[in-house]
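Numbering (my numbering), first residue to last: 23 to 456. The beta-carbon is built from N, C-alpha and C at its ideal position, and this holds for glycine as well. Presented below is the structure to which this report refers.
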Ligand code: IMP
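So, in structure tokens, the structure goes:
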């Protein structure tokens, strides 16, 4: 079982970073395959909180290879900053490898991200403003700059001599008066290229070689399935494919390697930015969950919208990515509530809906139908120690019922259970380790 993919089953922010960090201990290679620094993973080690945006969370485990695959878009300034911060805190970044095929986020991508959002006026996506969409647009339009270009000053200049005037015209058309300076962009970005060159290589064959040698490779998804460019709540999505199929393409390996997929299911639902959210809570319970769960973006600091667990969403994601197990996160946040609701299906004018409609006007009209379950008290520290020592049977009875309900509905076992912020507060319910 050398390849395991981790996929967010909701709208991102499911707590993937912590699960990846946990599983990274058992793996040899950790690969990111899509997204960019729109992602934010936070992992608490001892009293220290590490927030990662681009570097795979595997970097926090000494000796593991951390790979940024071809499917990722890279802001080189942000990456260098992140590497510097890690090194300052004595985390070695020696084992980082960056695909030479990965695309670069250029300064005009960030400006275009803002300009496009402004143009959308009343229908803003609420992007992270990191230039993700424009960078992927350029990749598809064959106007991108790749890491192999960034590390070659001559190629980079040739590429930018063509691209910068073009982007200037587009920015002007959007009403942006800023002037792009070819020389300073060339200077700044070739310097980034020089500093990153030692990490840049053809990573696909390297990952394939690791898989062939039966090394354990963890594919770390960013964002969530409902933000997938094809299958998410378009246009309120990110610009990459976030489902498991892309773990292969975005890393440059055969899909036949992918044999396990864990879906990360936060015990409730959150969403950042605009777009439909059927089980959203607009009341005090929603606010309580947001506060208790610390639901503020790692990347932008924006408050996340909160709602009940929506199984239409998680089952849809499971079908798209072929989940083989569920890692449930942040279940502790629901402690102390008398009653909990779980959305099992939607009601559309009297018709039962069990999947996500493409047309958002239809999704907007879907009313969530809930099953109500009894809550449990917060877990005290002494009880936490007992749970971690004794396992599932030591969990509060109603929490066990909540988990069993989700398992039955999704037809999957909960294999990992996140019970708190700390690195060790994960209950491992797998029959055998990876
Ligand atoms: P973009 O990825 O910056 O283009 O933003 C597009 C949409 O995806 C916005 O609604 C963002 O809030 C959302 N998004 C992007 N990355 C993340 C993430 O890591 N977690 C949650 N939402 C995200």
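Taking a cut-off of 8 Å for Cβ pairs, the region 46-60 and the region 75-91 touch, as three or more such pairs fall below it. Restricting attention to alpha helix (DSSP H) runs no shorter than 4 residues, the region 194-268 encloses them at 204-218, 225-234, ordered along the chain. When the beta-carbon positions are compared, residue 178 and residue 211 come within less than 8 Å of each other. Residue 442 is a Cβ neighbour of residue 354, given a cutoff of 8 Å. For the pair residue 129 and residue 402, the Cα-to-Cα distance works out to about 48 Å. DSSP, reduced to helix, strand and coil, places residue 428 within a helical segment of the structure shown. Comparing C-alpha distances from residue 91 to each of 155, 69, 224, 133 shows the shortest one belongs to 224. At least one heavy atom of ligand 1 sits closer than 7 Å to the Cβ of residue 149.
Proximity of the region 309-328 to the region 367-379 falls short of the contact definition, fewer than three beta-carbon pairs being nearer than 8 Å.
Between residue 290 and residue 334, the CB-CB gap reaches or exceeds 8 Å. The beta-bridge partner set that DSSP reports for residue 285 consists of 29, 348. Note that the C-beta distance between residue 152 and residue 127 is below 8 Å.
Pairing residue 109 with residue 116, the inter-Cα distance amounts to about 10 Å.
Annotation note: the region 365-392 contains the following uninterrupted beta strand (DSSP E) runs of length 3 or greater, listed N- to C-terminal: 373-375. Between residue 30 and residue 247, the gap from beta carbon to beta carbon is short of 8 Å. The beta carbon of residue 399 sits closer than 8 Å to the beta carbons of 357, 358, 418 from its chain, once the five residues preceding and following it are set aside; these are given in chain order. Distances between the C-beta of residue 31 and the heavy atoms of ligand 1 are all 7 Å or more. When rounded, the separation of the alpha-carbon atoms in residue 143 and residue 187 is 26 Å.
Straight-line measurement puts the Cα of residue 205 at about 24 Å from the Cα of residue 220. Residues of the same chain with a CB within less than 8 Å of the CB of residue 397, apart from the 5 flanking positions on each side, are 356, 357, 358, 359, 360, 361, 362, 420 in chain order. The alpha-carbon separation between residue 328 and residue 80 amounts to approximately 28 Å.
No heavy atom of ligand 1 is found nearer than 7 Å to the CB of residue 264. Taking a cut-off of 8 Å for Cβ pairs, the region 386-396 and the region 335-354 do not touch, as fewer than three such pairs fall below it. Nearest to residue 446 by C-alpha distance, out of 300, 47, 107, is 47.
For the pair residue 148 and residue 97, the CB atoms are not nearer than the 8 Å cut-off.
The continuous stretches of beta strand (DSSP E) do not include residue 131, which lies in the alpha helix (DSSP H) extending over residues 129-141. A distance below 8 Å separates the beta carbons of residue 125 and residue 161.
Fewer than three Cβ pairs drawn from the region 65-76 and the region 254-263 lie within less than 8 Å of each other, which leaves the two stretches out of contact.
Distances between the C-beta of residue 60 and the heavy atoms of ligand 1 include at least one below 7 Å.
By DSSP's assignment, residue 125 forms a beta bridge with 95, 168. The beta-carbon separation of residue 298 and residue 382, rounded to 6 Å, stays under the 8 Å limit for a contact. If you ignore the 5 residues before and after residue 237, its C-beta comes within less than 7 Å of the C-beta of 24, 50, 51, all in its own chain and listed in chain order. Using a Cβ distance threshold of 8 Å, residue 319 and residue 287 do not count as a contacting pair. Leaving aside the five residues that flank residue 105 on each side, the residues in its chain whose CB is nearer than 8 Å to its CB run, in chain order, 77, 115, 118.
Of the residues assessed, residue 270 falls on the buried side of the cut-off, its CB having 16 or more other CB atoms within 10 angstroms.
DSSP places residue 400 in the coil class of the three-state scheme, outside both helix and strand.
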